[in-house]
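Comments concern the structure below.
There are 2 protein chains.
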Amino acid sequence: MNVNEFDLIERLTAGLPTNPSLVTGPGDDCAVLDLGVPDRLVLFKTDAVVEGVHFTAETPPEKIGHKALARCLSDIAAMAGSPNSVLVTLGLPADFSAERVERIYAGLNALARRYGVAVAGGETTRNPGGFLIAIAALGTVPRPGCVRRSGARPGDAIFVTGELGGSLAGHHLDFEPRLAEATWLRENFPPHAMIDLSDGLAGDLRHLLKASGVGAELHSRSLPIRRAARVAARETPGAKPALLAALTDGEDFELLFTVAAPAAVPLLDGWKAAFPDVRLSCIGKVTAGDKIQLRGPHGPQPFPKHGYVHFA
Amino acid sequence: MNVNEFDLIERLTAGLPTNPSLVTGPGDDCAVLDLGVPDRLVLFKTDAVVEGVHFTAETPPEKIGHKALARCLSDIAAMAGSPNSVLVTLGLPADFSAERVERIYAGLNALARRYGVAVAGGETTRNPGGFLIAIAALGTVPRPGCVRRSGARPGDAIFVTGELGGSLAGHHLDFEPRLAEATWLRENFPPHAMIDLSDGLAGDLRHLLKASGVGAELHSRSLPIRRAARVAARETPGAKPALLAALTDGEDFELLFTVAAPAAVPLLDGWKAAFPDVRLSCIGKVTAGDKIQLRGPHGPQPFPKHGYVHFA
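Quick note, the sequences are listed as chains L and A, same order.
This note's numbering applies: residue 3 is where the first sequence begins, and numbers increase by one.
This note's numbering applies: residue 3 is where the second sequence begins, and numbers increase by one.
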């Protein structure tokens, strides 16, 4: 069987039960709830990592715990929110080692402490196929500061943090969720729309543009390509060209966002002072319509149809 | 390897990261958070069901979805709270059928609608060993109404809803979370302590008593034994005696709670009027000290050391 995850999700999310407290349901980085906190909305997110899919038997356990939590925190960053607390659901194979579990928790706890996140409890269960770590995360965001995927406007400048492509060489286990950057953006240059890059720039940009009802023009020379993607393209026979890797590799966990065009230059200046070690790239602009154009040094280039598609 | 889940959990939950909004962390039915809602606390819970552990390939998919959600709602009931919204994380084997996934959701959605719960989104991932459904649930409870495991006092009467034992004959897939009952209790006869029965009365009563620093005296003739447990004891060679099944079988998902002794009789009267179809049994009283005594028709009986212990 060959099911496209997005098709299945589209069917599953049609007509889900809702209630008046649900402000934003499926289809953004987090669900957004109004639970009656006077000045804030509540962000709610789950995510899971699975042995053989997101990590292997050889992955250092601390990095598994780090990755499991960091993925969820990245989604909270993508709404410009702050994480509050998480619950951990652990699926354990029959022959699990307690030491491995404790080291997974050590990696997760270290990251939680860095951002003041409470690990409020969790569950363990057997999972015959291998380790699975599911994280449920709660965060909050000031009511006017919540950034969705749907606010991009024609003329906006499109930015991306960090570098793209080749994440599987190591970045996917080590990345730092862009929480500080997202809060700084919210307070200084409120994005019109934002998403975190988990499935690859090409796919995630499409999600943002579709939610906003707009198109985009990107400049291929502005894309910040990770060194690992360049090295792989040069040295690994059959590897993707580096530009294609930057567009389609998954698990970058960087922020993709748009701001009003006049904010672009002051944003770049302010960013350099605030985050001297984190690259920020203006990669193009939002356009009317629904097309994506990629401009290269010799004219338009084909833009890949999808990022990484699960189960494809 | 033979690891006792409770020992591992005790090690994992020692020294978890916390923050000022965490009111009650690991060790109760839900985590309790103060997110700044003026008159309410927030309840946060996760739970997972796994193919081959909590259901089989033959289980009707709608019942899998019902069970996955009902388990979480039962934990919210145990704090006397009301559920608000859930996220669903689905682990899918390589050869999953989209129809089975949609039917799992149908069962889950039907239960969610009955209690006004929003299904706010979720994630899908591959899980090579089989289906896994993890639910993350948010609820709220009035600040003074939140019932923990730790408030039982010597002299309290001990009550249990419904019937106990033999759940695997069907109840574990069909049970209705005791949300209406818990809200009624909170408003009319606020329990001093409450827990939902997932691991068996013997084990879960110990959890409640330990959290409260008290003991108990139970009357074996007052225990409401489910018919399925009596039938199994009579007809299945080698089956547990029915009383032992009622004490140690898991997955009852009933509420066990204590109230001040003078409230016991008015509570039973009020209950009969409010919930004529749901049995409520006074099964004993809370005592000082830390012993549990089980009194039978011919004097004291041995009280089983544990309920169901996962991974034992």
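By construction, the Cβ of each residue, glycine as well, lies at the ideal position given by its N, Cα and C atoms.
The continuous stretches of alpha helix (DSSP H) do not include residue 284 of chain A, which lies in the beta strand (DSSP E) extending over residues 282-289.
With the rule of 3 Cβ pairs closer than 8 Å, the segment 225-234 of chain L does not count as touching the segment 147-154 of chain L. Put simply, of L:138, L:99, L:262 and L:254 the residue whose alpha carbon is nearest the alpha carbon of residue 163 of chain L is L:254. Between residue 258 of chain A and residue 203 of chain A a beta carbon distance of about 7 Å is seen, short of the 8 Å cut, so the two are scored as contacting.
The beta carbon of residue 157 of chain A does not come within 8 Å of any beta carbon belonging to chain L, so the residue lies off that interface. Annotation for residue 300 of chain A: no beta strand (DSSP E) segment contains it, and DSSP assigns it neither H nor E. In this model, residue 60 of chain L and residue 240 of chain A are separated by some 44 Å (Cα to Cα). Annotation: the continuous alpha helix (DSSP H) that includes residue 176 of chain L extends over 173-176. Listed by position along chain A, the residues whose Cβ is nearer than 7 Å to that of residue 143 of chain L form an empty set, because the closest Cβ is around 12 Å away.
DSSP places residue 86 of chain L inside the beta strand (DSSP E), whose first and last residues are 84-94. Using a Cβ distance threshold of 8 Å, residue 214 of chain L and residue 286 of chain L do not count as a contacting pair. Look at residue 102 of chain A: its C-beta is not under 8 Å from any C-beta on chain L.
Nearest Cα to residue 78 of chain L within the set L:125, L:166 and L:181: L:181.
A Cβ of chain L is located within less than 8 Å of the beta carbon of residue 131 of chain A. At a cut-off of 8 Å between beta carbons, residue 181 of chain A makes no contact with chain L.
In this chain, the beta strand (DSSP E) harbouring residue 25 of chain L covers 24-26.
Within chain A, the C-beta atoms nearer than 7 Å to that of residue 11 of chain L come from 126, in chain order.
The C-beta of residue 190 of chain L comes no closer than 8 Å to any C-beta of chain A. Proximity of residue 105 of chain A to chain L, defined by a Cβ-Cβ separation below 8 Å, is not satisfied. Residue pairing by DSSP puts residue 121 of chain A in a beta bridge opposite A:88.
Burial is judged here by how many other beta carbons sit within 10 angstroms of a residue's own beta carbon; residue 63 of chain L has at least 16 and is buried. Close to residue 49 of chain L, with beta-carbon spacing below 9 Å, are these residues of chain A in chain order: 91, 125 and 127. When the beta-carbon positions are compared, residue 139 of chain L and residue 85 of chain L come within less than 8 Å of each other. Under the Cβ distance rule, residue 136 of chain A counts among the residues neighbouring chain L, one pair being separated by less than 8 Å.
Non-local beta-carbon contacts of residue 102 of chain L in its own chain, meaning distances under 6 Å to residues more than five positions away in sequence, involve 63 in chain order. Within the segment 38-71 of chain L, 38, 39, 40, 41, 42, 44, 46, 47, 48, 49, 50, 51, 52, 53, 54, 55 and 56 place their CB atoms closer than 9 Å to a CB of chain A, listed in sequence order. Of the residues A:76, A:186, A:57 and A:270, the one whose Cα lies closest to the Cα of residue 160 of chain A is A:270.
Cβ atoms of residue 19 of chain L and residue 121 of chain A come within 8 Å of each other, at about 5 Å.
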